[in-house]
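*Asks:*
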Amino acid sequence: MAESYPNVVLESSGPFSAHRFFSVTLRSQKAQKGGLSVHVDEAIRSRKSVRRFLSTSVPISVVHHILRVAARAPSGNNVRPWKVYVVAGEARQRLCEALIDAATHEPDRHRPEYAYYPTTWVEPCLERRRRCGFGLYASLGIARDDAAREHQMLRNYTFFKAPVGLLVTLDRRLNTGSFINLGIFIQNILVAACAQGLHTCAQEAFAWYHKVARAQMPISDHKILACSIALGHEDLSAPENALITERAEVEAFASFHGF
Ligand SMILES: Cc1cc2nc3c(=O)[nH]c(=O)nc-3n(C[C@H](O)[C@H](O)[C@H](O)COP(=O)(O)O)c2cc1C
Numbered sequence: 001m002a003e004s005y006p007n008v009v010l011e012s013s014g015p016f017s018a019h020r021f022f023s024v025t026l027r028s029q030k031a032q033k034g035g036l037s038v039h040v041d042e043a044i045r046s047r048k049s050v051r052r053f054l055s056t057s058v059p060i061s062v063v064h065h066i067l068r069v070a071a072r073a074p075s076g077n078n079v080r081p082w083k084v085y086v087v088a089g090e091a092r093q094r095l096c097e098a099l100i101d102a103a104t105h106e107p108d109r110h111r112p113e114y115a116y117y118p119t120t121w122v123e124p125c126l127e128r129r130r131r132c133g134f135g136l137y138a139s140l141g142i143a144r145d146d147a148a149r150e151h152q153m154l155r156n157y158t159f160f161k162a163p164v165g166l167l168v169t170l171d172r173r174l175n176t177g178s179f180i181n182l183g184i185f186i187q188n189i190l191v192a193a194c195a196q197g198l199h200t201c202a203q204e205a206f207a208w209y210h211k212v213a214r215a216q217m218p219i220s221d222h223k224i225l226a227c228s229i230a231l232g233h234e235d236l237s238a239p240e241n242a243l244i245t246e247r248a249e250v251e252a253f254a255s256f257h258g259f
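Quick note: the sequence shown uses the UniProt record's numbering, first residue 1, plus one each step.
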């Protein structure tokens, strides 16, 4: 099974052992020599938000590998403030049903625990947000149809059909800086998934229904549900997955001094 997933070593995790670490590293290098490795630029560039997945399952060993790689993320003082709850199968199904029920019947009763978006938008973010929305809805053939937009929003709570969902949480007793650490960890997951030929969609939509998630999962009170990540195989026939979002030229967001 692991043959089609580059560098995945089918070993269970356990306490750190130098012998095991180096044997895993050597095997990874062998896999790279065999042409299985993905250049990091390529993994980063191939990442995009996928919003329709195939039902093809993802082996737990592959999810485990992605998380093990992602956990090499740096964090101030190496505090590693994240905890991830991975769902598949019946656990995923139960969670999705509860979320869809809440989002359909009682959306006003739910609020996220942290403000992901500003209450007042400023330029150029406002225009970028509009363009992002227009791009997604255009790819789906949705014009100014509120019901269709609502339907697309609800699709978040199916993980866009991905067979695996990751609920990413952060220890609330820490401070704002921990959001930086968490963001780096999240990006590592997204990129490590691409290196396995998989795709993802980060989803702040789950933060709204943290109470529902808590009722389904053993998420302790001192954890903030920051977002979820849908993980699976891209449905190449889905028009929304063909959307490649724009980026500004480097000169628009960086200035160079003293070169
Ligand atoms: C933390 C985070 C949360 C996001 N939440 C959602 C979400 O709830 N639903 C969704 O469809 N896309 C979500 N996105 C995807 C963004 O819309 C997407 O990353 C952005 O439009 C850029 O497109 P790209 O990922 O294809 O490069 C989220 C992205 C991030 C990083």
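For each residue, glycine too, the CB sits at the ideal point set by N, CA and C. The model shown is predicted, which means the values in this text are computed figures rather than measured ones.
Ser37 to Gln152, Cα distance in whole Å?
*Replies:* Approximately 35 Å, taken between the alpha carbons.
*Asks:* Quick one: Cα of Arg109 to Cα of Arg247, how far?
*Replies:* For Arg109 and Arg247, the distance between alpha carbons rounds to 36 Å.
*Asks:* Check Tyr157 in the structure and name its three-state DSSP category.
*Replies:* Here Tyr157 sits in helix by DSSP.
*Asks:* For ligand 1, I want to know if Ala162 counts as a neighbour, meaning its beta carbon is within less than 7 Å of at least one of the ligand's heavy atoms.
*Replies:* Answer for Ala162: no, Cβ out of range of ligand 1.
*Asks:* Could you pull the DSSP bridge partners for Gln203 from this structure?
*Replies:* In DSSP, Gln203 forms a bridge with Ser228.
*Asks:* Alpha carbons only, please: which of Leu198, Leu231, Ile219, Phe185 is nearest the one belonging to residue 269?
*Replies:* There is simply no residue 269 to check, as the chain begins at 1 and stops at 259 in what is shown.
*Asks:* Round the Cβ separation of Arg47 and Cys194 to the nearest angstrom and send it over; I've been treating them as touching at under 8 Å.
*Replies:* About 5 Å; that satisfies the 8 Å criterion.
*Asks:* Can you check which of these residues, Gly89, Val191, Tyr85, is closest to Leu170 by C-alpha distance?
*Replies:* Minimum Cα distance to Leu170 is reached at Tyr85.
*Asks:* Distance, Cα to Cα, Pro6 vs Ala143?
*Replies:* Those two C-alpha atoms are separated by around 40 Å.
*Asks:* Can you list every residue whose CB sits closer than 6 Å to some heavy atom of ligand 1, going in chain order?
*Replies:* This criterion selects Lys48, Ser49, Arg51, Cys132, Asn156, Cys201, Ala202, Gln203, Glu204, Ala205, Cys227, Thr245.
*Asks:* What did DSSP end up calling Thr104 once you bin it into helix, strand or coil?
*Replies:* Three-state result, Thr104: helix.
*Asks:* Quick check on the DSSP output: what are the complete beta strand (DSSP E) runs of length 3 or more inside the region 57-143, in order along the chain?
*Replies:* The region 57-143 contains these whole beta strand (DSSP E) runs: 82-87.
*Asks:* What would DSSP say about Phe185, mapped onto helix, strand or coil?
*Replies:* If DSSP states are grouped into helix, strand and coil, Phe185 belongs with the helices.
*Asks:* So what does Glu234 bridge to, in DSSP terms?
*Replies:* Phe53, per the DSSP bridge assignment.
*Asks:* Identify whether Lys48 lies in helix, strand or coil by the three-state DSSP scheme.
*Replies:* Three-state result, Lys48: coil.
*Asks:* Might you give, ordered along the chain, the residues of its own chain that have their beta carbon closer than 8 Å to the beta carbon of Ile44, omitting 5 neighbours on each side?
*Replies:* Answer for Ile44: Val191, Cys194, listed in chain order.
*Asks:* Quick one: give me the first and last residue of the alpha helix (DSSP H) that Val212 is part of.
*Replies:* Here the alpha helix (DSSP H) through Val212 covers 210-216.
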